[in-house]
Structure formats: C-alpha cells, structure tokens
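Reviewing the structure listed below.
Residue numbers (the working numbering): 382 to 663.
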C-alpha cells in the first residue's frame, strides 16, 4: 500500500523561513503595459510573484534543472532525489538518441548556486512527456531524478501529501520556479496563497494521477517546480503537485470556468513514484 504522506527532512541548525526573502530588484526585465499582452504564459489579473534570494530552509531545496536545449525547475525530495516535470527532460537529446544529460543546481541564482551543479544518473518516471500534453500526460507529468551526490542530506527536502479534493478553492499553496520573462530564468520566483480549483483523475498502468487545475501565475521556465503547503507545526512543507501545463499565452481574468487554466500534475501516482524512489535509492 502506498502512503499518502511522506516525510521531509530539515538539516539540524538550518534556519526555517515560511516565505523567502526578496531579491534586490536588479535583474527584472521591463514589462510593457496594456491589455492582452503575450507574456509567454498565463497571468491571471495581477502578477503576484516576486523574485527571491534566500538560502534558508526550505527555499534551499529548490533550484534549476538544466538539460540540452532547455531548463526547468526542481526540488529535492530525498537524500539524492530531485523532483521535476517529465516534459523538462530531453528524452531524445543524448548522444545515443536517448535521455540527454540533466543537472540540478539548488539555490540557483544569477548563474550558480552555493552547493554547485549536480548531475543526474537516472530518471524514474511513469511516462516520457512531450512538450504539448493531454490531460492524461499532465496527470503523470513528473519524474524523480537520482543524483550523483547526496545533496538532500545537505540542503534538506520537503515531504509529500496526496492532494485531496476537499482542499479545492483554499488559499493554501506556495509555488517556486524560474520564469523566463521575470529574470531570463536566472532567479527563482515565489508565489504564495495559491488556489487549486479542480482535481481531475486520470489512469495509466494501474496508477491514478491528478490534473490539478489552478489560476495561479505560471509561465515557461517554471515547469517542474513544486507546489507545496504547510501543516500545523511540521518543520517542512509537503509537496502536493508539480508544475506542468500553461492554459494560454495571454494576461487573463479568471472566469469561474476551468477552461484555459494552468495545471499541476500530482495524485497517488506521484506518491507512488516518490516512495519507490526513496526505497530503491535511499
């Protein structure tokens, strides 16, 4: 039986902050003003994200994932494990036509991170997601990277909890990623008080994944980042979804419909993937 809850780890002596400290505003690209601007992703109303620079826990667990021809976002989820989106992986860009090289840099900020850039040695997945996704692919759009070094023992890692539909419409969630249009992907962005509006079940190979629809800000580069929340006095947040798909490419106002929403992938299948990875690559 797969656990619905998986614990995290906070290293001893590391300061915890429930929201990250803002970065100095020296790397934000100027934004044009006007209605209906194409910003390469979906912004609903006012953009509530801000760039941050913070090496406290758990923000140190988040970072940039790089591969041939693209980047995304990621989060440690075990001693040598990192979560990201399946569509961030370049599945055919390797020398032999297989998976291309992948690296993770926790705390990445303006070109580097305090703990270096670590190579992945293996990718654990349910499916090899393409760039454009069906609902089923979105529901399983996550992978666990097995890293060369035990970076999670140093920076820590969040826990996991399977999403429950009873949480729909609650302002509980935080999201972290590296959006291209705010800092050309060089600085992480934070958004708090996020809301998930809907949870749709999809099946694959006997597993159940969820499409978690939301109207939080989400643009290219943020794919693979973790949506997480805090419970009670627990010392770590728990991931409930991974950034997957963008509804459209325009600034919009929420309409009350799920049409055009942004989406996380999650559900019991994500819990199963993390559990298997932790058991086999402790």
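We treat Cβ as the ideally placed atom computed from N, Cα and C, and that holds for glycine. These figures come from a predicted structure and were not determined experimentally.
Distance between residue j and residue i (C-alpha atoms, nearest Å)
| i | j | result |
| --- | --- | --- |
| residue 532 | residue 460 | 6 Å |
| residue 653 | residue 429 | 32 Å |
| residue 494 | residue 440 | 12 Å |
| residue 395 | residue 539 | 14 Å |
| residue 516 | residue 466 | 14 Å |
| residue 572 | residue 555 | 6 Å |
| residue 479 | residue 526 | 15 Å |
| residue 528 | residue 486 | 11 Å |
| residue 398 | residue 500 | 28 Å |
| residue 602 | residue 645 | 14 Å |
| residue 549 | residue 591 | 13 Å |
Per-residue DSSP class, three states only, for residue i
| i | result |
| --- | --- |
| residue 472 | coil |
| residue 631 | Its pLDDT being 35, under 50, residue 631 is placed unreliably by the model, and the measurement read from it follows with that caveat. Residue 631 falls in the strand class under three-state DSSP. |
| residue 669 | Lying outside 382 to 663, the shown extent of the chain, residue 669 is not represented and no answer is given. |
| residue 447 | strand |
| residue 533 | helix |
| residue 638 | Residue confidence for residue 638 is low, a pLDDT of 42 falling below 50, so the modelled location carries little weight and cannot support an answer. |
| residue 654 | helix |
| residue 643 | strand |
| residue 514 | coil |
| residue 625 | strand |
| residue 575 | strand |
| residue 564 | helix |
Bridge partner(s) assigned by DSSP for residue i
| i | result |
| --- | --- |
| residue 463 | 457 and 526 |
| residue 390 | 538 |
| residue 499 | 485 |
| residue 355 | In this structure the chain extends from 382 to 663, so residue 355 is not present and cannot be described. |
| residue 555 | 609 |
Other residues of its chain near residue i: CB distance less than 6 Å, five sequence neighbours each side excluded
| i | result |
| --- | --- |
| residue 447 | 484 |
| residue 404 | 432, 433, 434 and 568 |
| residue 510 | 467, 468, 518 and 522 |
| residue 458 | 464, 538 and 655 |
| residue 386 | 542 |
Beta-carbon contacts of residue i that lie in its chain and below 8 Å, excluding the five residues immediately before and after
| i | result |
| --- | --- |
| residue 588 | 507, 521, 649, 650 and 653 |
Same chain, Cβ closer than 7 Å to residue i, neighbours up to 5 away in sequence not counted
| i | result |
| --- | --- |
| residue 402 | 433, 434 and 435 |
Worksheet entry | Touch test, the stretch 518-531 against the stretch 584-591, Cβ-Cβ under 8 Å, three pairs minimum | yes
Practice prompt. State whether the stretch 495-503 contacts the stretch 595-602, with contact taken as three or more CB pairs (one from each stretch) at a distance under 8 Å.
Written response: no
Practice prompt. May I ask you to verify whether the stretch 603-618 touches the stretch 542-556, counting CB pairs closer than 8 Å and requiring at least 3?
Written response: yes
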